[in-house]
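What follows is one structure encoded as structure tokens, with my remarks underneath.
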Amino acid sequence: MLKIENLHVRVAGKEILKGISLRVAAGEVHAIMGPNGAGKSTLGNVLAGRDGYEVTEGSIEYEGRNLLELEPEERAAAGVFLAFQYPVEIPGVNNTYFLRTALNAQRRRRGEPELDSMQFLKRVREKLAVLHLKDELLHRAVNEGFSGGEKKRNEIFQMALLEPKLAVLDETDSGLDIDAMKMVADGVNALRAPERAFVIITHYQRLLDYVIPDFVHVLADGRIVESGDRTLAHKLEEHGYAWIAERKLAGAA
Amino acid sequence: MASALLESLLDRDALAGASQAPQPAWLAAARRAAAASFAEDGLPESRTEAWKYTSLRALEQRKPVVCDGAASARAIDASSFALPEIKGARLVFVNGLFRNDLSNLAEQNSLSIATLAAADPGALEPWRAALGREYHGVAAAFARLNTALAIDGPLVRVAAGAKIAEPIHLVFIGAAADREIAWHARALIEIEAGASLRLIEHHVGAAAGAPQFGNVVAQYALGAGARLDLVQIQNAADDATLIRRSEFALAADAVLSAHALEVGAQLARHDFDVDLGGKAASFVSRGVFALRGRQHADTHLEVRHDARDTVSDVLWRGVADQRARGVFHGAITVAAGADGADANLSNKNLLLSPHAEIDTQPVLEIYADEVKAAHGATVGQLDERAMFYLRSRGIPPETARHLLIAAFCGAALGNVPIAGLREHLDAMLASRLPRIGDV
Chain A
1332 MLKIENLHVR
1342 VAGKEILKGI
1352 SLRVAAGEVH
1362 AIMGPNGAGK
1372 STLGNVLAGR
1382 DGYEVTEGSI
1392 EYEGRNLLEL
1402 EPEERAAAGV
1412 FLAFQYPVEI
1422 PGVNNTYFLR
1432 TALNAQRRRR
1442 GEPELDSMQF
1452 LKRVREKLAV
1462 LHLKDELLHR
1472 AVNEGFSGGE
1482 KKRNEIFQMA
1492 LLEPKLAVLD
1502 ETDSGLDIDA
1512 MKMVADGVNA
1522 LRAPERAFVI
1532 ITHYQRLLDY
1542 VIPDFVHVLA
1552 DGRIVESGDR
1562 TLAHKLEEHG
1572 YAWIAERKLA
1582 GAA
Chain B
28 MASALLESLL
38 DRDALAGASQ
48 APQPAWLAAA
58 RRAAAASFAE
68 DGLPESRTEA
78 WKYTSLRALE
88 QRKPVVCDGA
98 ASARAIDASS
108 FALPEIKGAR
118 LVFVNGLFRN
128 DLSNLAEQNS
138 LSIATLAAAD
148 PGALEPWRAA
158 LGREYHGVAA
168 AFARLNTALA
178 IDGPLVRVAA
188 GAKIAEPIHL
198 VFIGAAADRE
208 IAWHARALIE
218 IEAGASLRLI
228 EHHVGAAAGA
238 PQFGNVVAQY
248 ALGAGARLDL
258 VQIQNAADDA
268 TLIRRSEFAL
278 AADAVLSAHA
288 LEVGAQLARH
298 DFDVDLGGKA
308 ASFVSRGVFA
318 LRGRQHADTH
328 LEVRHDARDT
338 VSDVLWRGVA
348 DQRARGVFHG
358 AITVAAGADG
368 ADANLSNKNL
378 LLSPHAEIDT
388 QPVLEIYADE
398 VKAAHGATVG
408 QLDERAMFYL
418 RSRGIPPETA
428 RHLLIAAFCG
438 AALGNVPIAG
448 LREHLDAMLA
458 SRLPRIGDV
């Protein structure tokens, strides 16, 4: 589904990603872990198509297409979703209206029929029930005045509603209490499906106790320095990121 | 300043006509005095502080004809001023003159509706203070000119204690002709003690032709405990010049709630003057201007707190695209003795093009004690983070832009108190914003 080859990315003239390669197949859950400043969020933003991220080398192929040639809205319609680390408040834009506009814009681009407001609301209610969310969320402006936890839950709700093929979660667990984090995990687990893949970017392994990843990669200084199964997350938790640095040094020597 | 404009505006025949019409002697005298002071001080120039951002230079060589001889017969498309769900009285003025054929004077108890040109001289006595008001300084040049030359306009009075259910619709149409026309209209509205009224002041353009110059002074008086819900819609023709002055005098406990949408005219200037003269009088203003092309709109709001516990709450939004220029001046003065006043002014603006310009000037002057006052003004661009957020969810950039701009303006037009009008204003605003496909 996703094939990242030797990806180099520069932000504001500084090289942040220094040759990342990663393959994600449908149905898989990949966790990307790493210390602050390793380039985790850069990876998420490049996948979603944010401005200001210059790819100097390498490629990203998504379902056989060159992802880097697509505009952000084209990527969304093709099934790429980024749960933002810092969701943006948009005063005056009603959450329901925003979601319906987004969903129908994606459907239109894919050549699918748009949902009328009844069909849309039915779908919204189903998703709210699965995520145990209050529909009060729908009547508010997008993220306006939301607590940190509410914002993250709203991201998961959007993901559930938009049903992407490739969901990238950028530190969705950071700053959440245990209940909110379980809710996020439930949301992800409810969406796990053979045709859908997840890339979960996180600083801590905590979330990975609830969303069991198939693969764990450690990102440090713009490179993937270690890949393994879920046990790698536990080793990291036990030994800390310094352990990776030491192993790297040992390998170099 | 001896410009061609000044000389043609002070047309001898028009002046003679205005001062010879059947009218009380005090009004004829007021007209003569206003014409004389206008001739002496002339038009505002760039060094006139209140006109600093609005130049009349482009008008200088214009020679409009004062008074439209054919105003009573011009064909007007009624759809140009139709508003949904507004069933109350409607008074339509074309180039400053009343048009009975387009109006609807539903008789109603406690509501008296007349027109300036048709009123008996004796019947003007209650309007003497307003009609005869003397304007000082060159900044008020057009109000002087209006006093001298406006011979028609609506006279609306709501009797004490009356609650008028259906909104009144006042329509001022600038109808283009073969030649450039200058026209003047004077509106007088009084809501007596304890009465309430909803009113729509609607400025539109009709027919293509020479650009024209309109000058409207509207004077509103609210008695003790009176309430006015006012919606002012300015959608004048794209090539029109429209100068307006709205004055409000509020007695104790009176409430003025005003909404404004400014989208029309080539050059629009609106002086909005509020005197909170009675204890605990309160004023809420919500407004939006949305400009494009080479439009220039200058909203000049002045609020005076002259009594204790008075409240003003002003929230305006401005949007300028292409080469448009917007000006917002919001001045609040809390006079000595107006203790306990509460004043709030917020003006946020959005530039949609590198060639657009918006100047905002909040001014707060406080001479009283125990006053709560806050003001803020900003000029900025669309939030790139919000744009990316919307696009990352699949929303195309032009729709995202439109969504953000509409939301930005919605903060000011969210609570229009007349059913059906909100949607109409939203649609009118949307039609002036950068185009989008269907949502």
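Protein chains in written order, with our numbering: chain A, 1332 to 1584; chain B, 28 to 466. Cβ coordinates follow ideal geometry from the N, Cα and C atoms, glycine included.
Along the chain, where does the beta strand (DSSP E) that runs through residue i open and close?
{"i": "M1332 of chain A", "result": "Premise fails: M1332 of chain A is in no beta strand (DSSP E) and is neither H nor E."}
{"i": "V231 of chain B", "result": "S223 to A233"}
{"i": "K114 of chain B", "result": "Segment: none, K114 of chain B is in no beta strand (DSSP E) and carries neither H nor E."}
{"i": "W154 of chain B", "result": "Unbroken run through W154 of chain B: none, as it is neither H nor E."}
{"i": "E34 of chain B", "result": "Note, E34 of chain B: premise wrong, no beta strand (DSSP E); alpha helix (DSSP H) at A31 to L36."}
{"i": "P1525 of chain A", "result": "From DSSP, P1525 of chain A is part of no beta strand (DSSP E); its letter is neither H nor E."}
{"i": "I195 of chain B", "result": "I195 to A202"}
{"i": "S1390 of chain A", "result": "Y1384 to Y1393"}
{"i": "R1406 of chain A", "result": "R1406 of chain A -> not in any beta strand (DSSP E); alpha helix (DSSP H) instead, spanning P1403 to A1408."}
{"i": "T337 of chain B", "result": "Element bounds for T337 of chain B: n/a, residue is neither H nor E."}
{"i": "A427 of chain B", "result": "Run containing A427 of chain B: none in the beta strand (DSSP E); it sits in the alpha helix (DSSP H), P424 to L440."}
{"i": "D348 of chain B", "result": "It is not in any beta strand (DSSP E) - D348 of chain B carries neither H nor E in the DSSP assignment."}
{"i": "S1352 of chain A", "result": "K1345 to V1355"}
Any idea which residues DSSP pairs residue i with across the strands?
{"i": "A416 of chain B", "result": "It is Tyr, not Ala, that sits at residue 416 of chain B in the sequence shown. Looking at the DSSP assignment, Y416 of chain B forms no beta bridge with any residue, so it has no partner."}
{"i": "H163 of chain B", "result": "Answer is none; H163 of chain B lacks a bridge partner."}
{"i": "M1364 of chain A", "result": "A:T1533 and A:V1549"}
{"i": "Q388 of chain B", "result": "B:H356"}
{"i": "H1570 of chain A", "result": "In DSSP, H1570 of chain A forms no bridge with anything."}
{"i": "S139 of chain B", "result": "B:R184"}
{"i": "S1558 of chain A", "result": "A:H1548"}
{"i": "G241 of chain B", "result": "B:W210 and B:L269"}
{"i": "N1474 of chain A", "result": "Answer is none; N1474 of chain A lacks a bridge partner."}
{"i": "Q246 of chain B", "result": "B:L215 and B:E274"}
{"i": "L328 of chain B", "result": "B:F299 and B:G357"}
{"i": "I191 of chain B", "result": "The partner list for I191 of chain B (beta bridge, DSSP) is empty, contrary to what the question assumes."}
{"i": "A119 of chain B", "result": "For the record, residue 119 of chain B in the displayed sequence is Val; it is not Ala. Its beta-bridge partners are B:V198."}
{"i": "K1513 of chain A", "result": "In DSSP, K1513 of chain A forms no bridge with anything."}
{"i": "R101 of chain B", "result": "None, per the DSSP bridge assignment."}
{"i": "L124 of chain B", "result": "B:V121"}
State the start and end residues of the unbroken alpha helix (DSSP H) segment that holds residue i.
{"i": "L1446 of chain A", "result": "First-last for L1446 of chain A: undefined, no H or E at that position."}
{"i": "Q1599 of chain A", "result": "Absent from the model: residue 1599 of chain A. The displayed extent of chain A is 1332 to 1584, so no value can be given."}
{"i": "R171 of chain B", "result": "A168 to L176"}
{"i": "H451 of chain B", "result": "L448 to R459"}
{"i": "N371 of chain B", "result": "First-last for N371 of chain B: D369 to L378, but that is the beta strand (DSSP E), not the alpha helix (DSSP H)."}
{"i": "T1373 of chain A", "result": "K1371 to A1379"}
{"i": "G364 of chain B", "result": "Looking at the DSSP string, G364 of chain B is not in any alpha helix (DSSP H), and its letter there is neither H nor E."}
{"i": "L1413 of chain A", "result": "That residue, L1413 of chain A, is in no alpha helix (DSSP H); its beta strand (DSSP E) goes V1411 to A1414."}
{"i": "E219 of chain B", "result": "Premise fails: E219 of chain B is in no alpha helix (DSSP H) and is neither H nor E."}
Since residue i and residue j are thought to touch, with beta carbons under 8 angstroms apart, how far apart are those beta carbons, to the nearest angstrom?
{"i": "L342 of chain B", "j": "A438 of chain B", "result": "7 angstroms"}
{"i": "I1421 of chain A", "j": "N1474 of chain A", "result": "7 angstroms"}
{"i": "A166 of chain B", "j": "T75 of chain B", "result": "6 angstroms"}
{"i": "P194 of chain B", "j": "I113 of chain B", "result": "6 angstroms"}
{"i": "L448 of chain B", "j": "V311 of chain B", "result": "Actually they are not in contact, since the Cβ atoms of L448 of chain B and V311 of chain B sit about 16 angstroms apart, beyond 8 angstroms."}
{"i": "A187 of chain B", "j": "A222 of chain B", "result": "6 angstroms"}
{"i": "D1501 of chain A", "j": "L1413 of chain A", "result": "6 angstroms"}
{"i": "V346 of chain B", "j": "L379 of chain B", "result": "6 angstroms"}
{"i": "L1528 of chain A", "j": "V1547 of chain A", "result": "It should be pointed out that residue 1528 of chain A corresponds to Ala in this sequence rather than to Leu. With a Cβ gap of about 15 angstroms, A1528 of chain A and V1547 of chain A do not count as contacting."}
{"i": "G1419 of chain A", "j": "Y416 of chain B", "result": "According to the sequence as given, residue 1419 of chain A is Val; it is not Gly. Their Cβ separation, rounded to whole angstroms, is 4 angstroms, which keeps V1419 of chain A and Y416 of chain B in contact under 8 angstroms."}
{"i": "D1545 of chain A", "j": "H1361 of chain A", "result": "7 angstroms"}
Does the region 273-284 of chain B come into contact with the region 428-441 of chain B, if we say contact requires no fewer than three beta-carbon pairs (one atom in each stretch) closer than 8 angstroms? Judged by Cβ distances under 8 angstroms, the region 273-284 of chain B makes no contact with the region 428-441 of chain B, as fewer than three pairs qualify.
Let me know the beta strand (DSSP E) ranges lying completely inside the region 254-325 of chain B, each 3 residues or longer, listed in chain order. Complete beta strand (DSSP E) runs here, min 3: 254-262, 268-277, 282-289, 294-303 and 309-318.
Given 8 angstroms as the limit, is there contact between the region 94-105 of chain B and the region 213-224 of chain B, that is, 3 or more CB pairs closer than that? At 8 angstroms Cβ cutoff, the stretches do not touch.
Please determine if the region 61-77 of chain B and the region 180-187 of chain B are in contact, where contact requires at least 3 C-beta pairs separated by less than 8 angstroms. Fewer than three beta-carbon pairs drawn from the region 61-77 of chain B and the region 180-187 of chain B are found closer than 8 angstroms, and the two stretches are therefore not classed as touching.
Could you tell me which uninterrupted beta strand (DSSP E) segments, each at least 3 residues in length, are contained entirely in the region 1421-1470 of chain A, listed from first to last along the chain? Fully contained in the region 1421-1470 of chain A are the following beta strand (DSSP E) runs of length 3 or more, in chain order: 1421-1425.
Evaluate the contact criterion for the region 152-170 of chain B versus the region 195-204 of chain B: three or more CB pairs, one atom per stretch, below 8 angstroms. Because the criterion of three Cβ pairs below 8 angstroms is not met, the region 152-170 of chain B and the region 195-204 of chain B do not touch.
4-residue-minimum alpha helix (DSSP H) runs that sit fully inside the region 36-83 of chain B, ordered along the chain: Scanning the region 36-83 of chain B for uninterrupted alpha helix (DSSP H) segments of 4 residues or longer gives 39-47 and 52-68, listed from N- to C-terminal end.
Is there contact here, the region 1381-1393 of chain A with the region 1432-1448 of chain A, by at least three beta-carbon pairs under 8 angstroms? Not touching, per the Cβ criterion.
Are at least three pairs of beta-carbons, each pair with one atom in the region 287-303 of chain B and one in the region 315-323 of chain B, less than 8 angstroms apart? With the cut-off at 8 angstroms, the region 287-303 of chain B and the region 315-323 of chain B touch.
Kindly confirm or deny that the region 1456-1470 of chain A and the region 1514-1523 of chain A touch, where touching means at least three C-beta pairs closer than 8 angstroms. Taking a cut-off of 8 angstroms for Cβ pairs, the region 1456-1470 of chain A and the region 1514-1523 of chain A touch, as three or more such pairs fall below it.
State whether the region 1438-1446 of chain A contacts the region 1487-1494 of chain A, with contact taken as three or more CB pairs (one from each stretch) at a distance under 8 angstroms. The answer is no - the region 1487-1494 of chain A does not touch the region 1438-1446 of chain A, with fewer than three Cβ pairs under 8 angstroms.
Cβ contact check for the region 78-95 of chain B and the region 137-152 of chain B: 3 or more pairs under 8 angstroms: Result no; under three Cβ-Cβ pairs closer than 8 angstroms.
With a cut-off of 8 angstroms, do at least 3 Cβ pairs link the region 1398-1413 of chain A to the region 1341-1361 of chain A? Three or more beta-carbon pairs separated by less than 8 angstroms are not found between the region 1398-1413 of chain A and the region 1341-1361 of chain A, which leaves the two stretches without contact.
For the 8 angstroms Cβ check, are there 3 or more pairs between the region 331-346 of chain B and the region 361-368 of chain B? With a cut-off of 8 angstroms, the region 361-368 of chain B and the region 331-346 of chain B count as touching, because enough Cβ pairs lie within range.
When the Cβ atoms of the region 1372-1386 of chain A are set against those of the region 1558-1575 of chain A, are three or more pairs found closer than 8 angstroms? The region 1558-1575 of chain A and the region 1372-1386 of chain A do not touch, with fewer than three beta-carbon pairs separated by less than 8 angstroms.
The region 1570-1579 of chain A contacting the region 113-128 of chain B, beta-carbon criterion three pairs below 8 angstroms: A contact between stretches requires three or more CB pairs, one per stretch, nearer than 8 angstroms, and the region 1570-1579 of chain A fails this requirement with the region 113-128 of chain B.
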